[in-house]
Amino acid sequence: MKGVYPGSFDPFTLGHKDIVERALKFCDTLYIAVSDNINKKHLFSQNERLEMIKETFKDNKNIIVEHFNGLLVDYMVKKNAAFIIRGLRAVSDFEYEFQMAFANRSINNNIETIFMVPGSQYLFLSSTIVRDIARNNGDISNLVPPAVAEKFKAIYK
Ligand code: PNS
281 MKGVYPGSFD
291 PFTLGHKDIV
301 ERALKFCDTL
311 YIAVSDNINK
321 KHLFSQNERL
331 EMIKETFKDN
341 KNIIVEHFNG
351 LLVDYMVKKN
361 AAFIIRGLRA
371 VSDFEYEFQM
381 AFANRSINNN
391 IETIFMVPGS
401 QYLFLSSTIV
411 RDIARNNGDI
421 SNLVPPAVAE
431 KFKAIYK
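For the sequence shown, the numbering used here assigns the number 281 to the initial residue and increments by one for each residue that follows.
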C-alpha cells in the first residue's frame, strides 16, 4: 500500500519519525510530503525541511521525501496514493485534523485519512515546542533526529 504523510515539519521531530516507523508496518511505499502551511510562518525553508528529512531516512528505500505545493489530494492522485497518514496526539489535535480530513474528502472522495497515535513518550512533542526550546538555548537532541539537531546548532550558536 502507498501512503502519504504530509506536513509542514518545521522541524521534523522524533514524534513524526515514530509515526513514519509505525506507518511502514502497512505501507510498502511512504511518501513524506513537505509543504508550506498557509497558517504558519515557517522557521526553515521548504527545501531545508526536505533536506533534513531526506538525511534522516537516507538508508530507507521505502521512503520517498518530496515537496508538494497546491492541494494535497492533487499530489496524491499524481502519486497514485489513496491514504493520508496523520498523527493524533491529543484531543487538541482532533478538531483541526477532522476539519482537514473532511476538507480533503470533499475535494476527492477516493482519498482516506488514517490517524495514527505516536508512542506515549512523544505525546507532548510538537515542532513548536522544539523551536521554543532551541530558541532559548535548551537541548533538543532527544527530541529531533540528528540532522535536525545539527541544523539548529548552526542557527543558534
Ligand atoms: O504539519 P501541518 O502544518 O499540520 O500540515 C498541514 C498540511 C501542509 C498537511 C496542510 O496545510 C495541507 O495539506 N496543505 C496543502 C493545501 C491543501 O490541500 N489544503 C486543503 C486541505 S486542508
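Don't be surprised by glycine CBs; every beta carbon is placed ideally from N, CA and C.
beta-carbon residue i near ligand 1 non-hydrogen atom, thresh 7 Å
i    : result
N384 : yes
M380 : yes
L352 : yes
F404 : no
K320 : yes
S291 : It is worth fixing the name first, because residue 291 is Pro in this sequence and not Ser. Flag unset: Cβ of P291 not near ligand 1.
G295 : no
S325 : no
N388 : no
G283 : no
According to DSSP, residues forming a beta bridge with residue i
i    : result
P286 : A313
M396 : G367
I299 : Note: I299 sits in no beta bridge, so no partner.
E346 : A313
Best match in the options for proximity to residue i [C-alpha to C-alpha]
i    : options                   : result
F289 : V345, N340 and E301       : V345
R366 : E328, D354 and D298       : D298
N422 : K338, K282 and F292       : F292
R415 : R385, K437 and Y402       : K437
H296 : Q401, N417, K433 and I435 : Q401
I318 : R329, A381, N388 and N349 : N349
E301 : K341, K433 and I420       : K341
Own chain, CB closer than 6 Å to residue i, minus 5 neighbours either side, in chain order
i    : result
V284 : Y311, A313, M356, A361 and I364
A427 : M332, E335 and T336
Cβ-based neighbour list, residue i, same chain, cut-off 7 Å, excluding 5 preceding and 5 following
i    : result
R411 : L323
M281 : F306, C307, D308 and F363
R385 : I391
Chain-order list of residues whose beta-carbon lies under 8 Å from that of residue i (same chain, five-residue window excluded)
i    : result
V397 : G367, L368 and R369
K359 : K282, V284 and Y311
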